[in-house]
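Its first residue numbered 31, the sequence shown is counted upward by one per residue in our numbering.
Below is one structure, written out as structure tokens, with a few remarks after it.
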Amino acid sequence: MSEPMVRFENVTKRYGSLTVLDQLDLDIQRNEKVSIIGPSGSGKTTVLRMLMTLERINEGVIWVDGEPLTHMEKNGSMVPASDRHLRRVRGKIGMVFQHFNLFPHMTSLQNCMEAPISVLGLPRAEAEQRAAELLDMVGLGDKKGHFPIQMSGGQKQRVAIARALAMRPKVMLFDEVTSALDPELVGEVLNVIRQLGAEHDLTMLMVTHQMGFAKEFSDRVCFFYGGKIAEQGPPDKLFNDPDNERTKQFLSAVLEAG
């Protein structure tokens, strides 16, 4: 098997005496679509935040596209990564957050142009063309001049997806991207993610409460409990015939509530 796109190697994250992730080992293959499910506090979102270097890890190494993200080689040994190294490797990753995080003073087009110009050094005309194409792709070609306040939650989330894609990432992270939306807007965002998975060579890692979508969309589902992967496998197996008692309890509670 080829080298994974993302590798967590013995990764531990603590907040004081609380261990949020406990010696996590997880490989995600190129173009694989992985959903992370589990109860609140099980470490799901922390996995994404560490990949985006929003959280520093306490132990272990995270690898992205064959090179260490959290560390770098210096005089033949691994040392904690410099800010410059972090920025470079993190450039391969795009993340879409639960609450959109759009710049309120910018139009949807400007939101998608900002990082390619300021971070990648893309010429303005090229950045504008890229942003316009991506907004067309997510079905918002007619909203290029709209500000976030003029758009629905679903539209804002689709702009956020276009904005992440504008950086041409190899890995896309989705953190509960539908949980802040009204139920009738969830489908439009999931359809865009569906389309991304079908049409683009992207490795995708998604934390979600949308069990139906996770089952339909994912190549693999990981159930987190107590800072560890309690069970993982193909969606059909994990949802229909889980081995772990905790997985069974969680799915029973979530599917009944749904």
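Every residue gets a Cβ at the ideal spot worked out from N, C-alpha and C, and that includes glycine.
The model shown is predicted, which means the values in this text are computed figures rather than measured ones.
Contact test: residue i Cβ vs the ligand MG heavy atom, cutoff 7 angstroms
| i | result |
| --- | --- |
| V64 | Inclusion of the ligand MG in the displayed structure is not the case, the ligand content being empty and no account of it being possible. |
For residue i, the nearest candidate out of the options (CA to CA)
| i | options | result |
| --- | --- | --- |
| T238 | L48, M35, K43, S72 | S72 |
| G184 | C252, I223, P153 | I223 |
| H97 | P34, V251, G151 | For the sequence presented, residue 97 should be read as Glu rather than His. The shortest Cα separation from E97 among P34, V251, G151 belongs to P34. |
| G121 | N88, A161, L56, A196 | A196 |
| M82 | G175, R114, M241, V119 | V119 |
| I58 | R37, I123, I191, Q180 | R37 |
| F269 | Q240, K258, V149, E158 | Q240 |
| G171 | M80, E156, A157, R188 | R188 |
| R198 | F177, S209, R160, V219 | R160 |
| M167 | P178, D205, L226 | L226 |
| T76 | A192, T137, E214, Y255 | Y255 |
| H129 | K267, I259, Q180, F204 | F204 |
| G242 | T208, G46, K174, D273 | T208 |
| G257 | G46, L54, Y45, E39 | L54 |
Inter-residue CB distance, residue i and residue j (contact presumed, cutoff 8 angstroms)
| i | j | result |
| --- | --- | --- |
| F247 | K74 | With 8 angstroms as the limit, F247 and K74 do not qualify as a contact, their Cβ atoms being about 16 angstroms apart. |
| L232 | M202 | 5 angstroms |
| L78 | L235 | 7 angstroms |
| V251 | S32 | Not really, about 22 angstroms apart at Cβ, beyond 8 angstroms. |
| V41 | L48 | Rounded, the Cβ-Cβ distance is 16 angstroms, inconsistent with contact. |
| K43 | M102 | With a Cβ gap of about 20 angstroms, K43 and M102 do not count as contacting. |
| P265 | A244 | 7 angstroms |
| F280 | P69 | 6 angstroms |
| G175 | T137 | 5 angstroms |
| A162 | L132 | Rounded, the Cβ-Cβ distance is 17 angstroms, inconsistent with contact. |
| A194 | V126 | 5 angstroms |
Residue range of the beta strand (DSSP E) that includes residue i
| i | result |
| --- | --- |
| A260 | 258-263 |
| M236 | 233-237 |
| K245 | Segment 241-247 is the alpha helix (DSSP H) holding K245; no beta strand (DSSP E) there. |
| M125 | 123-126 |
| L56 | 48-58 |
Delimiting residues of the alpha helix (DSSP H) encompassing residue i
| i | result |
| --- | --- |
| V251 | Note, V251: premise wrong, no alpha helix (DSSP H); beta strand (DSSP E) at 250-255. |
| S138 | 138-148 |
Collapsed DSSP secondary structure at residue i in the structure displayed
| i | result |
| --- | --- |
| P178 | helix |
| M108 | strand |
| K43 | strand |
| L116 | helix |
| R330 | Because the chain in this structure spans residues 31 to 288, residue 330 falls outside the shown range and cannot be described. |
| F133 | coil |
| M35 | coil |
| E305 | With the chain covering only 31 through 288, there is no way to say anything about residue 305. |
| E62 | coil |
Problem set entry | beta strand (DSSP E) runs wholly inside the region 185-231, at least 3 long, in chain order | 201-205
Problem set entry | Secondary structure, alpha helix (DSSP H): runs of 4+ residues fully inside the region 66-98 | 74-81
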